[in-house]
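Numbering (our numbering), first residue to last: 3 to 371.
Glycine included, C-beta positions come from ideal geometry on N, C-alpha and C.
Inspection log for the structure reproduced underneath, given as structure tokens.
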Ligand code: OSB
Ligand code: MG
């Protein structure tokens, strides 16, 4: 498959509510869309980096540079069989997983079109429908958080995750548990604590959380293994797992009991499948993490979550939980049971790209051919 042309489009889409994590308060989704032209077909990939290197060392500026100056010379006007060969060709690039994944994801879309099979079929997905959870940002007032939780519970979300940070943690969780004693509740610290806070996490055991997501530093599976041995609540790693090797080490060290897989963070769907398979072998359940993505990434996440070991509720909320407008037709919406139907050639569920919406959100458009 000859790659004839690659476009990098930068877009901005405002959030319906600001989304606050331990590292930043987002007001809009700043994203790159990679459009790959090959032999009359066009595949889209969404780069999940943010406007600044806050969640991980990459941002949309570095991704634009890596894609344009390092990846394109390897693929433009070259014959690339598909995602697997692409990953071998860019294995010389250290790190920069979000940039690699954006291109890798677009190559999967080309493969889908070329073979006339859904992504679910290509990767061996088994579920027709996947369960969704909601991730709620840090709120200035706990009363606002309680109202927000109430609203999403009414929409049927299967798991409620709340973001925490030092100073907005145990008292908030206590209050939430008091009001909602029976819900499936999780917390996500986005790496904002250290082992000095071990007493805090021991105290969290009281609240029967389904898991604690990424409490400690992203590069610290050692301290996570120390922490996991001292608390009952399962640790779920997010930022720490960027490759199959990371997952192997974390499992061997006992650093977590659950892993959240994001194809972006792991350099693409190809590597994510390997992580999924390893976790399955070790009885580590996985779920699909989110990056507040636009529709292109959101739809691909649904397909990835159809693999058999994706057994916990995913951060693939309805698009309208984040945005008034999105870039797929239809936009991603949840069923009455708060599930998402996995696009498949058999069930006829299919999403198209809304070119007009992309144009409306466009900040810049670079063409390489
Ligand atoms: O840690 O899971 C995270 C959003 C941005 C960056 C990191 C994370 C998140 C979320 C939102 O929790 C998940 C979603 O897309 O709904
Ligand atoms: Mg997380």
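Kindly give me the distance between the Cβ atoms of residue 2 and residue 65, rounded to whole angstroms, as I take these residues to be in contact under 8 angstroms.
Outside the displayed range of the chain (3 to 371) lies residue 2, so it cannot be described from this structure.
Just to be sure I understand the criterion: a residue counts if its Cβ is closer than 5 angstroms to at least one heavy atom of ligand 2. Which residues meet that?
190, 215 and 240
Should residue 108 be counted as a contact of ligand 1 given a C-beta to heavy atom distance under 7 angstroms?
no
Can we count residue 157 as close to ligand 1, meaning its CB is less than 7 angstroms from some heavy atom?
no
Per DSSP, residue 79 forms a beta bridge with which residues?
Residue 79 is not bridged to any residue.
Measuring only the C-alpha atoms, how far is residue 373 from residue 369?
Missing from the structure shown is residue 373; the chain here goes from 3 to 371 and no further.
Output the distance between the C-alpha atoms of residue 194 and residue 348, rounded to the nearest integer angstrom.
44 angstroms
Pairwise C-alpha distance: residue 151 and residue 137
10 angstroms
Between residue 319 and ligand 1, is the CB less than 7 angstroms from at least one heavy atom?
yes
For residue 192, count neighbouring Cβ atoms within 10 angstroms of its own Cβ and tell me buried if that reaches 16, exposed if not.
By the neighbour-count definition (other C-beta atoms within 10 Å, threshold 16), residue 192 is a buried residue.
Residue 28 - partner residues in DSSP beta bridges
21
With a threshold of 7 angstroms, establish whether the CB of residue 137 neighbours any heavy atom of ligand 1.
Checking every heavy atom of ligand 1 against the Cβ of residue 137, one is found closer than 7 angstroms.
Using the C-alpha atoms, what's the distance from residue 290 back to residue 273?
Approximately 14 angstroms, taken between the alpha carbons.
Considering residue 92, what are the terminal residues of the beta strand (DSSP E) in which it resides?
No beta strand (DSSP E) contains residue 92, which DSSP labels as neither H nor E.
Sequence-distant residues of the same chain with beta carbon closer than 6 angstroms to residue 154, five excluded per side:
Cβ neighbours of residue 154 beyond the five flanking positions: 136.
Using a threshold of 7 angstroms, is the CB atom of residue 192 nearer than that to any non-hydrogen atom of ligand 1?
yes
By alpha-carbon positions, which one of 250, 264 and 265 ends up nearest to residue 258?
250
Cα-Cα separation, residue 25 to residue 41
42 angstroms
In or out: residue 364 buried (at least 16 other Cβ within 10 Å) or exposed?
exposed
At least three beta-carbon pairs within less than 8 angstroms, the region 297–305 to the region 112–128:
yes
So, does the region 260–272 touch the region 92–99, judging by three or more C-beta pairs under 8 angstroms?
Here the region 260–272 makes contact with the region 92–99; the two share three or more CB pairs at distances below 8 angstroms.
Just how far apart, CA to CA, sit residue 247 and residue 228?
20 angstroms
Boundaries (first-last residue) of the beta strand (DSSP E) holding residue 131
Residue 131: member of the beta strand (DSSP E) spanning 131–133, first to last residue.
Just to confirm the assignment: which complete alpha helix (DSSP H) runs, minimum length 4, are found wholly within the region 325–364?
Listed in chain order, the complete alpha helix (DSSP H) runs (minimum 4 residues) inside the region 325–364 are 357–363.
How far does the beta strand (DSSP E) with residue 189 in it extend, from its first residue to its last?
187–190
Residue 300 versus residue 316: straight-line alpha-carbon distance, rounded:
11 angstroms
On the criterion of 16 or more Cβ atoms from any shown chain inside 10 Å, does residue 221 qualify as buried, or is it exposed?
exposed
Quick one: give me the first and last residue of the alpha helix (DSSP H) that residue 262 is part of.
Premise fails: residue 262 lies in the beta strand (DSSP E), 260–263, not in any alpha helix (DSSP H).
For ligand 1, I want to know if residue 57 counts as a neighbour, meaning its beta carbon is within less than 7 angstroms of at least one of the ligand's heavy atoms.
Taking non-hydrogen atoms of ligand 1 into account, the C-beta of residue 57 is found less than 7 angstroms away from one of them.
Where do the N-terminal and C-terminal ends of the alpha helix (DSSP H) with residue 243 fall, by residue?
Where residue 243 is concerned, there is no enclosing alpha helix (DSSP H), given that its DSSP letter is neither H nor E.
Where does residue 293 land, buried or exposed, given buried means 16+ other C-beta within 10 angstroms?
Counting the other CB atoms within 10 Å of its CB gives residue 293 a total of 16 or more, which places it among the buried residues.
Nearest CA to the CA of residue 111: which residue from 147, 74 and 48?
48
Any non-hydrogen atom of ligand 1 within 7 angstroms of residue 295 CB:
For ligand 1, at least one heavy atom lies less than 7 angstroms from the Cβ of residue 295.
Check residue 15 in the structure and name its three-state DSSP category.
strand
Quick check on residue 160: does DSSP put it in helix, strand or coil?
coil
Distance, Cα to Cα, residue 158 vs residue 72?
44 angstroms
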